[in-house]
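Heads up: the sequence shown is residues 39 to 404, going by the working numbering. Think of the CB as a built atom: it goes at the ideal place given N, C-alpha and C, for glycine as much as any other residue. Computed from a prediction, not measured in an experiment: that's the story for all the values here. One structure below.
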Amino acid sequence: LDLDDLTMLVLDEADRMLDMGFMPDVERIVGLLPKIRQTLFFSATMPPEIRRLADSFLMNPKEISVDPPASAAETVTQGLLKVRGAAKEKRAALRDLIRSEEVKSALVFCNRKRDVDIVFRSMQRHGFSVAALHGDMAQPVRMETLQTFKDGEVQFLVCSDVAARGLDIPAVSHVFNFDVPSNPEDYVHRIGRTGRAGRSGKAFTLALPEEGKYLASVVRIIGKEIPEVALEGAESWDAGEAEEQAGRRRRGSTRRGSRAAAGKSSEGRGRKDRGDRSRRDRGRGEKDRGERDKNQGDRSAQDREVVSFETAAEQDTAKSDRDEVKGEKREPRRSKQKQGDDTLAPGETAFGDHIPAFLLRPAKVA
C-alpha cells in the first residue's frame, strides 16, 4: 500500500480509540503518512491524553467545539430501579425487569469489562439469547459479535461503553444500565442507542445505594430526576441509606489509611528494634567468638606442649631402645672376640661382673 499520495486523514472517536488501546497502531500509521496533509480529528471528549495526541498529529489546527447534549431524546422513556443488596441481587432484578418488558433487542451496559463477562454468563445460564462485547476482544471478534446482534441472531448484547458511541444500531428497543456510569456524560450516550430515527425506546438504570453519588451526577447533567419504577419482590432504598453507605465507605477508607500508616510505623519500629538486636547479637557473637578463639588458642598451646613432651619422650624411649638393641648386637661380638680369654681353666669359678667383697680386701702377709 503506497501512502505517498495521501492528502487527507480523518480520525473519528479518538477518545474511544484511546480507551480501546488502538492508539499505538494509529501512531504507527500516522508516522508512515506524508507530513503535508489535511487532518480532521473528532472526539466527544478532550481529556489531557487526547489533547496531547491532537497536538502531535495537528499543525496549527482550528478547533470547533460543540456543547455536549444535556438531555436525552424525547423519544426515550427513562426509568430508575433502586436495588437494595449487592451485585447478585442486582442481576436478579435485571432478569425480572427484562421479563416484565416486551424486549425486541437490547443493550446491557456495564462499567467494567469484568462485569460484562459476569452479567453475560449469568444471563446465559438463565436462558437468555445473549452475546458480550468489550474492548479486550479482538477486532474481528467484535465485528462478528456486533453483526450477529444487528442480524437479530441474539436478543441481548452485554457491553461496555465501547459500544455506546460511533455504532449505528437502529433497531434497539431497550437499553439497560446495569451500572450507573461513573462519567455522567456516558449516560446520555448510552440511552441514545435507543429511540433513534423517530422510533420510541426505553432506558432503565439499576442502582445500588453506593452508586447514589453517580446517580446524582447524572441527574445534574440531564437537568431532571429519573422516574423510579417499582418491581415486585425488589426492595428499594432512599437517599438517607445512600448517604449512610457513602459515610461507611469514607470511614472504611479512613480506617484503612490509619491502619496502613500504623502498619508502616510499626514496621519501622520493628525494623529498628531488629536492627538494634542484630547489632547487639553481632557484638555478643564477636565477643563469644573472641573468647572461644582465645580458649581454643590456649588449648592448642597446651596440646602442642603435650604433643612436644610426648614426642620428646617417645624420641628418648626410641633412642634407648636403639641403644639397647645396639648393645645386644655388640655384646656377642665382644664375647666372640674374647672367647679365648673367657675360657675357664679346670677348678676356676667365674663371678662375672660381680666380685665378692672379701676378695677386694687387701691380703695380709704374716
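- Of all alpha-carbon atoms in 261, 240, 245, the one lying nearest the alpha-carbon of residue 139 is that of 240.
- Residue 59 and residue 270 have their C-alpha atoms some 42 Å from each other.
- Excluding five sequence positions before and after residue 255, the CB atoms of its chain that fall closer than 8 Å to its own CB belong to 222, given in chain order.
- Looking at the DSSP output, residue 148 bridges to nothing.
- Of the candidates 122, 43, 82, the residue whose Cα lies closest to the Cα of residue 50 is 82.
- Judged by DSSP in its simplified three-state form, residue 68 adopts helix.
- Taking a contact to require three or more Cβ pairs closer than 8 Å, the segment 139-148 and the segment 208-215 qualify as touching.
- With a cut-off of 8 Å on Cβ pairs, the segment 116-123 is in contact with the segment 225-243, counting three or more such pairs.
- Scanning the segment 108-185 for uninterrupted beta strand (DSSP E) segments of 3 residues or longer gives 114-120, 144-147, 168-171, listed from N- to C-terminal end.
- Per the C-alpha coordinates, the member of 199, 126, 167, 180 positioned closest to residue 190 is 167.
- The alpha-carbon separation between residue 156 and residue 171 amounts to approximately 12 Å.
- For residue 95, there is no enclosing beta strand (DSSP E); the enclosing alpha helix (DSSP H) has its first and last residue at 86-95.
- Spatial neighbours of residue 71 in its own chain (CB-CB distance under 7 Å, excluding positions within 5 residues in sequence) are listed in chain order as 41, 44, 47.
- With fewer than 16 neighbouring CB atoms inside 10 Å of its own CB, residue 78 falls in the exposed class.
- Listed in chain order, the non-local C-beta contacts of residue 235 below 7 Å within the same chain comprise 208, local neighbours out to five positions each way being set aside.
- For residue 235, there is no enclosing beta strand (DSSP E), as DSSP marks it with neither H nor E.
- The beta-carbon distance between residue 122 and residue 275, rounded to whole angstroms, is 5 Å. This is short enough to meet the 8 Å contact definition.
- Close CB contacts of residue 264 within its chain, under the 6 Å cut and outside five residues either way in sequence, are with 116, 118 (chain order).
- With a threshold of 16 other beta carbon atoms within 10 Å, residue 39 falls short and is exposed.
- Apart from the 5 residues on each side of it in sequence, residue 183 sits with its Cβ closer than 8 Å to the Cβ of 169, 170, 171, 175, 195 in its chain, given in chain order.
- With a beta-carbon spacing of about 5 Å, residue 88 and residue 53 fall inside the 8 Å limit used to define contacts.
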